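Quick note on the numbering used here: the sequence shown kicks off at 34 and runs consecutively. All C-beta atoms in this analysis are idealised placements derived from N, C-alpha and C, irrespective of residue type, glycine included. For clarity, every value in this text was computed on a predicted model and none was experimentally measured. To start, the structure itself, in structure tokens.
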Amino acid sequence: MTINPIADKAEAYLAYETEEVITWCDGCGNFAIQNALKRALVLEGYKPHEVLLCFDIGCSGNGSDKIEGYTIHGLHGRVIPLAAGAVIANPKMKVIASAGDGATLNEGVNHLIHAIRSDYPVLFLHHDNQNFALTTGQASCTTPQGCKANAAPEGAPEEAINPLSLVLSQHPSFVARTISSDTDHMTEVFRAGLKHKGFAFIEILQTCPTYNKHMTDPWLLEKAKEVKDLPDYDAQDIWAARKIAEIDEPIHTGILYHHKNRDNFLEVMKFRDGFITSPTEEVKHYDLSDILETL
Ligand code: SF4
Ligand code: MG
34 MTINPIADKA EAYLAYETEE VITWCDGCGN FAIQNALKRA LVLEGYKPHE VLLCFDIGCS
94 GNGSDKIEGY TIHGLHGRVI PLAAGAVIAN PKMKVIASAG DGATLNEGVN HLIHAIRSDY
154 PVLFLHHDNQ NFALTTGQAS CTTPQGCKAN AAPEGAPEEA INPLSLVLSQ HPSFVARTIS
214 SDTDHMTEVF RAGLKHKGFA FIEILQTCPT YNKHMTDPWL LEKAKEVKDL PDYDAQDIWA
274 ARKIAEIDEP IHTGILYHHK NRDNFLEVMK FRDGFITSPT EEVKHYDLSD ILETL
């Protein structure tokens with residue numbers, strides 16, 4: 034029997050709920066992802082005013098008004114610099130960035146590379162539904178080669194990018210994978226990502242029943258295999274993670290790699306040594322009422 038981990042925390046969970054109209058299609062994996070994120074935040078003791086949620090453009094980005102907290106809905110492919118700038122300005126906020134495969138790996142892959150290298154203290158949720166869903170299902174760079182999509186009626190011509198292989202090749206500090214078909218698993222992986230002090234990259238294989246007809250809930254649940262269940266799997270061994278990232282089946286999930294002791298971007302910024310304030314607290318305030326009255 035599964036025990037609801039937030040059964041006694043309904044009030045804390047409801048604090049994250051909004052009254053906005055849902056725009057996602059029936060059965061979209063974004064519902065479960067956002068549910069798991071709210072659960073993870075509650076279980077880790079975060080209140081909405083302690084969290085900044087940054088959203089890219091895409092179906093995942095349309096979750097920006099469906100969760101309470103400080104939110105930013107930015108330009109396509111640019112959510113990582115938004116999130117990085119915010120956390121540098123105010124390291125007291127827990128900063129979470131969400132983006133799809135198109136935004137992350139087509140439009141903004143340069144930002145991803147530098148976020149890994151800089152190890153910004155950001156939890157990054159990669160909603161990978163293998164297509165540009167918001168613009169009606171065009172092939173993205175994670176669409177499997179040969180898979181038919183809008184604007185690619187003969188099938189996507191190019192080899193797909195393997196997000197985990199790419200990320201693991203850049204010496205990250207935290208890499209995990211989960212599936213939108215398993216809310217409990219997502220919740221636990223998100224909790225681990227929230228606890229990580231550097232850039233936590235979480236690949237979420239997300240169902241999109243409208244445009245991705247092969248990556249269904251039963252398909253994902255049948256193929257998913259937790260790395261914790263592998264004999265002798267060591268999540269601190271990056272070569273073990275790189276090897277497993279190359280395997281298509283089973284789809285290995287869980288925390289694939291975790292470098293626990295690496296200093297993050299803020300910790301290596303020595304020019305801030307001795308400051309007990311954050312940059313946001315050092316901003317000067319000016320009275321603009323005279324100027325505003327002239328407008
Ligand atoms: Fe979800 Fe796909 Fe519909 Fe977008 S198009 S809301 S990703 S099911
Ligand atoms: Mg997508």
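Compute the Euclidean distance between the alpha carbons of residue i and residue j, then round it to the nearest angstrom.
i	j	result
residue 42	residue 261	28 Å
residue 125	residue 187	50 Å
residue 215	residue 309	41 Å
residue 158	residue 236	6 Å
residue 217	residue 211	10 Å
residue 165	residue 254	23 Å
residue 275	residue 202	8 Å
residue 189	residue 171	9 Å
residue 92	residue 323	42 Å
residue 182	residue 148	30 Å
residue 204	residue 222	20 Å
residue 286	residue 140	26 Å
residue 250	residue 173	20 Å
residue 232	residue 54	32 Å
residue 198	residue 327	57 Å
Can you check DSSP and say which residues form a bridge with residue i?
i	result
residue 86	104, 129
residue 328	Bridge partners of residue 328: none, in fact.
residue 238	161, 212
residue 171	165, 183
residue 64	Bridge partners of residue 64: none, in fact.
residue 290	208
residue 156	129, 233
residue 257	284
Quick one: residues in its chain with C-beta nearer than 8 Å to the C-beta of residue i, no 5 flanking neighbours on either side, listed in chain order?
i	result
residue 46	39, 71, 72, 75
residue 318	none
residue 68	216
Shorter than 7 Å, the distance from the beta carbon of residue i to the closest heavy atom of the ligand MG, or not?
i	result
residue 173	yes
residue 135	yes
residue 307	no
residue 166	yes
residue 96	no
residue 91	yes
Give me the Cβ distance between residue i and residue j, rounded to the nearest whole Å; I'm assuming they're in contact under 8 Å.
i	j	result
residue 154	residue 304	With 8 Å as the limit, residue 154 and residue 304 do not qualify as a contact, their Cβ atoms being about 17 Å apart.
residue 110	residue 136	5 Å
residue 290	residue 257	Not really, about 18 Å apart at Cβ, beyond 8 Å.
residue 219	residue 66	6 Å
residue 60	residue 264	Contact flag wrong, Cβ pair sits at about 36 Å.
residue 169	residue 98	Between residue 98 and residue 169 the Cβ distance is about 21 Å, and since that is not below 8 Å, they are no contact.
Among residues of its own chain, excluding the 5 on either side of residue i, which ones have a beta-carbon nearer than 7 Å to its beta-carbon?
i	result
residue 175	134, 138, 161, 163, 193, 194, 196
residue 120	126, 128, 153, 154, 155
Does the distance between the C-beta of residue i and the nearest non-hydrogen atom of the ligand SF4 fall short of 7 Å?
i	result
residue 58	yes
residue 65	no
residue 180	no
residue 68	no
residue 243	yes
residue 162	yes
residue 87	no
Within the same chain, show all residues whose beta-carbon is closer than 6 Å to that of residue i, passing over the 5 residues directly before and after it, in chain order.
i	result
residue 56	95
residue 123	311, 313
residue 112	87, 89, 130, 132
residue 271	290
residue 292	206
Between residue i and chain B, is any beta-carbon pair separated by less than 8 Å?
i	result
residue 286	In the displayed structure, chain B is absent; only one protein chain is listed.
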